[in-house]
Amino acid sequence: MPELRKDPVLGRWIIISKSRGDRPTDFPVEGYQEENGFCPLCPGNEHSTPPEVLAFRQGADAPNQPGWQVRVVPNKFPALIIEGDLSKEGVGLYDMMNGIGAHEVIIESPNHDESFIDLTPEKMYQVFKAYRERIRDLEKDPRFKYVMVFKNHGKAAGASLSHPHSQLIALPILPRMIVSELSGAKSYYRYKERCLFCDMIRQEIQMDERVVCQNERFITIMPFAPRTPFEMWVLPKHHNSAYCRQSDEDLLLLAELFSESMKRLAACIPNVPYNFVLHTEPLRSGGMKHYHYHFEIVPKMTSIAGFEWGSGFYINPMPPEEATTLLRKSLDSVKKEADEKDTAG
Amino acid sequence: MKKILLVDNEENIQIVYREEFENDGYQVVSASNGEEGLIKFSEEKPDIVILDIHMPGLGGVEVLRKMKMLDPTVPVILSSAYQEFKSDLGTWASDAYILKSGDIGALKRTVRELLGEIGAE
Chain W
1467 MPELRKDPVL
1477 GRWIIISKSR
1487 GDRPTDFPVE
1497 GYQEENGFCP
1507 LCPGNEHSTP
1517 PEVLAFRQGA
1527 DAPNQPGWQV
1537 RVVPNKFPAL
1547 IIEGDLSKEG
1557 VGLYDMMNGI
1567 GAHEVIIESP
1577 NHDESFIDLT
1587 PEKMYQVFKA
1597 YRERIRDLEK
1607 DPRFKYVMVF
1617 KNHGKAAGAS
1627 LSHPHSQLIA
1637 LPILPRMIVS
1647 ELSGAKSYYR
1657 YKERCLFCDM
1667 IRQEIQMDER
1677 VVCQNERFIT
1687 IMPFAPRTPF
1697 EMWVLPKHHN
1707 SAYCRQSDED
1717 LLLLAELFSE
1727 SMKRLAACIP
1737 NVPYNFVLHT
1747 EPLRSGGMKH
1757 YHYHFEIVPK
1767 MTSIAGFEWG
1777 SGFYINPMPP
1787 EEATTLLRKS
1797 LDSVKKEADE
1807 KDTAG
Chain Y
-11 MKKILLVDNE
-1 ENIQIVYREE
9 FENDGYQVVS
19 ASNGEEGLIK
29 FSEEKPDIVI
39 LDIHMPGLGG
49 VEVLRKMKML
59 DPTVPVILSS
69 AYQEFKSDLG
79 TWASDAYILK
89 SGDIGALKRT
99 VRELLGEIGA
109 E
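Rendered as structure tokens:
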């Protein structure tokens, strides 16, 4: 029997319609296409990108030269332009403004073939630190209200180059998704005087049906009403609405858990295309009692068609409880195989 | 005389660009698809390439990345009627991205800049 579930933050309904079986291999996954040719993100090709705005290097190499571990550059052909003043205009009932914003690319590794999932937690930490530093810097610009950090991996998820990279866009307006999340979280806070996400974490730990993994400071859960099979959220266990306020120590713990979560996903569904998005409070909010920053990881395993566009509903063929069980087992079986090989060797 | 390799599957573009650039004193070599463009890139050793993106067969971004593997010093201008290819990070391998329009002044200026005939604006 299909089941309707309501997301407690957005009030969005989804349909769990288990019709295709239990195995992750039942979902058609578009594998990564072989790529060859010149890569503008590789070391040695720094001249192909705009000058870097941030780079982490082990030595004292000059900027825009090889030797970097993580490199952040403005988008060469940005969706929004950083120069200029904001100019708002109304044409009858229609509102417009000029396309001011910052569009940057975070190059996550100098190694073209190293996917984000393959990064060690220490390397992933550098990427998370780059996100934080860029948000802190862009927050100083009063024109911007929000910084959206996101990653597309795999052609089906919108990635155009396989060199590991993520992107950020600083916007002069709040994205509708964030406005809806803030509104849902605020309504809950007004009613209960507690953070919805903090309550969610407490309940998920207590129920232990959708907790994929956790450490001392962070937790990965499958949401109660996921849009796609294997959707995961990574949240800090202690209340924090602003990603840019995370300490180095916490970012390392975040990287460790994020790495484990992604490795579990990859062990379960190799080469799965996915997106992840950082959801954090608007810039200069000063901390929100009702909101809780988190990452949403959404594997691209189902298609969005007429019903989804028309209704705003998502149809998910795998209950998150079953997906959680598979993810919990996935890496354990990989680890067990590796241990057995080590013992045999 | 500087040599331009023009890779575009639209015959009208080929005719117009050839006439314009030949009138300006350039030699123009044509290719009507990506595969032919790559062959002519190796054989003709052009000084600069004007490359369409949306072509049947091998797409312009793929051709661009192969050309830059063969010789990264040859400037390549992507020329497209579409903005949306800019979201493909493979286009970063290009030296410029020009939107096709009735006025090819911007394209001509970019060719001259990249060939060092005039300073960048």
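From first to last, the protein sequence lines stand for chains W and Y. With our numbering, the residue at position 44 of the first sequence is 1510, and numbering never jumps. With our numbering, the residue at position 48 of the second sequence is 36, and numbering never jumps. A virtual CB, placed ideally from N, CA and C, is assigned to each residue, including glycine. Small disclaimer: the values here were computed from a predicted structure and weren't measured.
Taking all protein chains in view, the Cβ of residue 1727 (chain W) is crowded by 16 or more other Cβ atoms within 10 Å, so the residue is classified as buried. Among the residues facing chain W, residue 78 (chain Y) is included, as its CB has a counterpart in that chain under 8 Å away.
Counting of Cβ neighbours within 10 angstroms places residue 1809 (chain W) among the exposed residues, the total staying below 16.
In this chain, residue 1537 (chain W) is not harboured by any alpha helix (DSSP H); it is covered by the beta strand (DSSP E) spanning 1534 to 1540. In the DSSP assignment, residue 1599 (chain W) falls within the unbroken alpha helix (DSSP H) covering 1587 to 1604. Residue 1702 (chain W) carries a strand assignment under DSSP once its states are collapsed to helix, strand and coil. Of the residues assessed, residue 1528 (chain W) falls on the exposed side of the cut-off, its CB having fewer than 16 other CB atoms within 10 angstroms. Under the three-state reduction of DSSP, residue 1778 (chain W) is assigned to coil, being neither helix nor strand.
For residue 1685 (chain W), the closest of W:1758, W:1628 and W:1555 by C-alpha to C-alpha distance is W:1758. Proximity to residue 1630 (chain W) across W:1789, W:1514 and W:1619 peaks at W:1619, based on C-alpha coordinates. For residue 75 (chain Y), at least one C-beta of chain W is nearer than 8 Å to its own C-beta.
Ranked by how close their Cα comes to the Cα of residue 1574 (chain W), the residues W:1507, W:1753 and W:1501 have W:1507 in first place. Looking from the CA of residue 1795 (chain W), the closest CA among W:1783, W:1735, W:1743 and W:1782 belongs to W:1735. Annotation: residue 1707 (chain W) is outside any alpha helix (DSSP H) and is labelled neither H nor E by DSSP. In this structure, the alpha-carbon of residue 1714 (chain W) lies about 58 Å from that of residue -1 (chain Y). For the stretch 69 to 102 of chain Y, the full-length beta strand (DSSP E) segments reaching 3 residues or more read 84 to 87 along the chain. DSSP places residue 1745 (chain W) in the strand class (E or B) of the three-state scheme. Non-local beta-carbon contacts of residue 1580 (chain W) in its own chain, meaning distances under 7 Å to residues more than five positions away in sequence, involve 1630 in chain order. Residue burial is scored here from C-beta neighbours: residue 1470 (chain W) has fewer than 16 other C-beta atoms within 10 angstroms and is therefore classed as exposed. Taking the beta carbon of residue 81 (chain Y) as reference, the chain W residues within 9 Å of it are 1503, 1504, 1505, 1506, 1511 and 1514, listed in sequence order.
Under the DSSP assignment, residue 1651 (chain W) falls in the alpha helix (DSSP H) whose first and last residues are 1642 to 1658.
For residue 56 (chain Y), the nearest CB of chain W lies under 8 Å from its own CB, placing it at the interface with that chain. Apart from sequence neighbours up to five positions away, the residues of its chain that approach residue 8 (chain Y) with a beta-carbon distance below 8 Å are 92 and 96, ordered along the chain. Beta-bridge pairing by DSSP links residue 1563 (chain W) to W:1554. Residue 1610 (chain W) and residue 1483 (chain W) have their C-alpha atoms spaced approximately 41 Å apart.
With respect to chain W, the C-beta atom of residue 105 (chain Y) has no partner C-beta closer than 8 Å. Membership of residue 1719 (chain W) in the alpha helix (DSSP H) is indicated by the continuous run 1714 to 1734. Residue 1668 (chain W) sits in a helix when the DSSP states are folded into three classes. Taken atom to atom, the span from the alpha-carbon of residue 46 (chain Y) to that of residue 80 (chain Y) is near 18 Å. Ranked by Cα distance from residue 1540 (chain W), the options Y:66, Y:63, Y:77 and Y:3 are led by Y:77.
For residue 2 (chain Y), the enclosing alpha helix (DSSP H) has its first and last residue at -1 to 11. In terms of Cα proximity to residue 1725 (chain W), the closest of W:1698, W:1707 and W:1526 is W:1698.
The DSSP-derived three-state label of residue 1762 (chain W) is strand. For residue 1568 (chain W), the closest alpha carbon among the candidates W:1624, W:1747, W:1545 and W:1594 is that of W:1545. Around the beta carbon of residue 1760 (chain W), a 10 Å sphere encloses 16 or more other beta carbons of the protein chains shown; the residue is thus reported as buried. Counting along the chain, residue 30 (chain Y) sits inside no beta strand (DSSP E); it lies in the alpha helix (DSSP H) bounded by residues 22 to 32.
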